[in-house]
Structure formats: structure tokens, C-alpha cells
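Counting from 0, one number per residue, gives the positions in the sequence shown under numbering that gives the first Met the number 0.
Below is one structure, written out as C-alpha cells; comments come after it.
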Amino acid sequence: MNTHPLSQFKYCPRCGKHTFVARNVKANHCESCGFVYYFNPSSACALIVTDEQDRLLVAIRANDPARGSYDLPGGFVDLHETVEEAAIRELYEETGIDLNASEIQAQIITPLHYLFSEPNIYPYSGFEVHTTDLIFHVKMKDLSPYVGKGRDDVSELLLIPIAELNPKDFGLESISKVITKVSRQPDLLK
0 MNTHPLSQFK YCPRCGKHTF VARNVKANHC ESCGFVYYFN PSSACALIVT
50 DEQDRLLVAI RANDPARGSY DLPGGFVDLH ETVEEAAIRE LYEETGIDLN
100 ASEIQAQIIT PLHYLFSEPN IYPYSGFEVH TTDLIFHVKM KDLSPYVGKG
150 RDDVSELLLI PIAELNPKDF GLESISKVIT KVSRQPDLLK
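What follows is the structure, given as C-alpha cells:
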């Protein structure tokens, strides 16, 4: 696709008239009612979950886009939710790991913390959703109980040594870039 996301919006979301036109590269405006809409990215998160043997918990995508490819646990931030809350929720939904549970907290070596961000374009329902993916890291003692069947939109969970990761196995461009960055800068996960 690679068209500007606002080009798909023809009607003003405020008055409904077909006078919603480009104002500049960042915004559309309605020539009828004056409404201005700036298109900003959606927030999303991804988690780098490692163990004390320097292995990464890898999700296999159950759905398109990039069905069957490697991914990191994560997803969109819901309304009225912090990115940290979304990271904890998505990790639980996709892996069963509840970072708030006392038995899990006893397994944490390095608590959940923010690393960096990556811009992304996520194709969904024929629309390019522009996102800013915020990347978090948590290190746990043992992830082997979570290997196998994934949950939610994850078909399977794997443990792969970080040194053996291939960014090309990760189907989403932003996550592939994350894996490249982590592979080149292993101190990020210390």
C-alpha cells in the first residue's frame, strides 16, 4: 500500500461531509466545518523476555500479518492504559506469564524496563496502522515452563539462544529491526 494514511479518509468525522481534504502532510481539514485532524501513530509494545541462559522467548504468529513467522509478545495499547500496563497485559494474554503474580515476581532477575522504540506500519484490515512500538525487557530465571502452546494470537512459544537469532525469521519489520539491534548491542539486555 504505502499511501499516506489520511488519503483513505474522505468524509469529515465531525460533520460527515465529503469535504475532508489534505491540509499538509500531517493533517486533513474539513472545508465545511473547519475540523482539523492530525494523524498520529498508535502506541504498541513488544517485550524481550530472556532467561538466565541468555535465551529469548519467541512467539510464533497465529494470524496475519506475517502468520507463522517469529515475533515478540506484545500488541496495541488500549484506551486509558499505560504502555507498561499494556506490556504486562499482552505478556499475560500471549504467554500466561503474569508479572504481577507473587510466584512470578520471585522468578524475575531484571524487572520490566523500557529499552527503546521503533516506528512501524502494521497492515490490518486493508489499512496501514502507523505505530510507535515501545520495546521493554524483563529477565527471568526459567522460561522453560512457557515453551509450547501459545495463547491469544500466538500459536507457539519457543526459547532460542540470543546468539542464534536471525532477524529475517521475524515477520514484522519493526521487530526484525529490534532483533538486529539487540544482536548488535547485547549490553542492552544486561
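In this text, a Cβ means the ideal position worked out from N, Cα and C, and glycines have one as well.
What you are looking at is a predicted structure, and each value in this text was computed from that prediction instead of being measured.
- In the three-state reduction of the DSSP assignment, E127 falls in the strand class, which pools E and B.
- Around the beta-carbon of V57, 16 or more other beta-carbon atoms lie within 10 Å, marking it buried.
- Of all alpha-carbon atoms in V24, K138, P122, L78, the one lying nearest the alpha-carbon of S173 is that of P122.
- With 16 or more neighbouring CB atoms inside 10 Å of its own CB, Y145 falls in the buried class.
- Shown here for A26: same chain residues with a beta carbon closer than 8 Å to its own, the five before and five after excluded, namely L5, V35, Y36, Y37, F38 in chain order.
- By the Cβ test, the stretch 100 to 112 is not in contact with the stretch 149 to 162, since fewer than three Cβ pairs between them sit closer than 8 Å.
- Annotated three-state conformation of I47 is strand, per DSSP.
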